[in-house]
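Scroll down for the structure; my scribbles are underneath it.
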Amino acid sequence: MCSTIASKQSGVKQTTPAASKKPTKGVSLGSSPRVFPRPEYPPWTKAVWSLIYSNFYQAGVHGAVLCLILFPIYTACRSFAIKYEISNQVFFALLLSSAHTLPYTTNNFFYWLCDEFKWFQGYKLERKEYMKAKPALMTKMATEALIGQLVTGPIFAYLLYPAFVHFGMLDLDAPLPTFASMFKTFVVGYTFNDVGFYFTHRLFHSKLLYKRFHKQHHEFVGTVSFSAEYADPVEIIIANQIPTVGGVLFFACHPLSVSVWIMMRLQQTYEAHSGYCFENTLLAKVGILHPGSAVFHDHHHTSNMGNFGSFFLDWAFGTMDHYLSAGGYRGYIDKKKKGGV
Ligand SMILES: [Zn+2]
Ligand SMILES: [Zn+2]
């Protein structure tokens, strides 16, 4: 592991003794897909910068600022709940359910409008005919989403309340913590999710688990934002819900931070599955949108070879050979994006 990183950090090409000049795709797939000879990985400075930017700025700073903006709305909701004697557990379930339903409806509706009315097609990643989901798959996905939004999601949120209390979540009526404390909350939430999702997702790509659990999510070759949550229930709990919630559950924080973190995490995953890469837009420049993640995960679905998590961890563990061999971010966009924006 150390020597692998060292060779990447020095920017030296990684080759095998038997390496041929022409890259051979499809060798050793599953959870450790490789291309031989190994492509040159980006320098460590680029990988570390991507980690700092996404963890400290996009998660830490944005999360804390969003809490400051939303706190007046949160306190108004609390006053309403107290006035109408809504129990703390029900309030918390409503808070978490809203943090799920709100980004789900707004993000997915927006991307649906883009597809339906051909908005922003210059930012659309290519979808060949075989990549597009069949109506039966879309119906199955919509049915499961409806059950998740209206039944299992709220029940799950309701049952989670005692666990959050057990692990020291602040009182529902507690004042907002300091900016530094909230910053730490979002950095911890991001890190927990980043590590948890990478390893569990990679594990689900192993020969042992892929067919039984993860294949369902990959029925979408050319994803749409709705498909972000289309997965086997076991995968949803292990690879999605636990990594998403763990950082804010095990490391006590304010209830508003919990819901803001969930909203931010969901917004990113809907974008990653949307098939749109809004690079060079104002929202991307200020870090609200994530064109890098969108392209990175789009490659994961269209090729099904590597790119298991964030850029940094795939870099560190050498699991983006195919992505780099295809030209990385720029190469993928130039090949897949309509109109070459
Ligand atoms: Zn996968
Ligand atoms: Zn996916």
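Numbering follows UniProt numbering, in which position 89 of the sequence shown is assigned residue number 89; successive positions increment by one, without gaps. Every residue, glycine too, gets a C-beta built ideally from N, C-alpha and C. Being a predicted model, the structure only gives us computed values, none of them experimental.
Compute every distance between the C-beta of asparagine 304 and the non-hydrogen atoms of ligand 1, then say whether any falls below 8 angstroms. Within the sequence shown, residue 304 is the residue found at index 304, counting from 1. For ligand 1, at least one heavy atom lies less than 8 angstroms from the Cβ of asparagine 304.
Could you give the C-beta distance for tyrosine 230 and histidine 214, rounded to a whole number, given that I count them as a contact under 8 angstroms? Residue mapping note: residue 230 aligns to position 230 of the sequence shown, counting from 1. Residue mapping note: residue 214 aligns to position 214 of the sequence shown, counting from 1. That pair is no contact at about 11 angstroms.
Taking Cβ to Cβ, would you say arginine 78 is nearer than 9 angstroms to aspartate 173? Stepping through the sequence shown from its first residue, residue 78 is reached at position 78. Stepping through the sequence shown from its first residue, residue 173 is reached at position 173. Yes, they are a contact pair.
Name the residue from His290, Leu146, Asp321 whose alpha carbon lies nearest to the alpha carbon of tyrosine 53. The residue labelled residue 53 in the question sits at position 53 within the sequence shown. Comparing Cα-Cα distances from tyrosine 53 to each of His290, Leu146, Asp321, the minimum goes to His290.
Rounded Cβ spacing between alanine 99 and isoleucine 262 (contact assumed at less than 8 angstroms): Residue mapping note: residue 99 aligns to position 99 of the sequence shown, counting from 1. Residue mapping note: residue 262 aligns to position 262 of the sequence shown, counting from 1. Right, their Cβ atoms sit about 4 angstroms apart.
Quick one: grab the DSSP three-state call for phenylalanine 36. Along the sequence shown, one-based indexing puts residue 36 at 36. It is a strand residue.
Quick check: the Cα distance between proline 37 and tryptophan 44, rounded to an integer number of angstroms? As a working mapping, residue 37 is identified with position 37 in the sequence shown. As a working mapping, residue 44 is identified with position 44 in the sequence shown. Taking the straight line from one Cα to the other gives about 20 angstroms.
Which ranges would you report for the alpha helix (DSSP H) in the segment 177 to 255 if only whole runs of at least 4 residues count? 179 to 204, 242 to 250
Could you have a look at tyrosine 111 and say whether DSSP puts it in helix, strand or coil? For the purposes of this step, residue 111 is taken as the residue at position 111 of the sequence shown. When secondary structure is reduced to three states using DSSP, tyrosine 111 falls in the helix class.
Answer yes or no: do threonine 302 and arginine 202 have a C-beta to C-beta separation smaller than 9 angstroms? Counting from 1 along the sequence shown, the entry for residue 302 is found at position 302. Counting from 1 along the sequence shown, the entry for residue 202 is found at position 202. Contact flag unset, no.
Going by the CB atoms, is the gap between glycine 30 and lysine 207 shorter than 9 angstroms? Start at 1 with the first residue of the sequence shown, and residue 207 comes out as number 207. Start at 1 with the first residue of the sequence shown, and residue 30 comes out as number 30. Yes, these two residues count as a Cβ contact at 9 angstroms.
Where does tyrosine 276 sit, in a helix, a strand or coil, going by DSSP? Position 276 of the sequence shown, counting from 1, holds the residue named residue 276. Strand.
Going by DSSP, what residue range makes up the alpha helix (DSSP H) through threonine 319? Residue mapping note: residue 319 aligns to position 319 of the sequence shown, counting from 1. Where threonine 319 is concerned, there is no enclosing alpha helix (DSSP H), given that its DSSP letter is neither H nor E.
Once DSSP output is grouped into helix, strand and coil, what is the label at leucine 170? The residue you call residue 170 lines up with position 170 of the sequence shown. Looking at leucine 170 - three-state DSSP - the assignment turns out to be coil, as it is neither helix nor strand.
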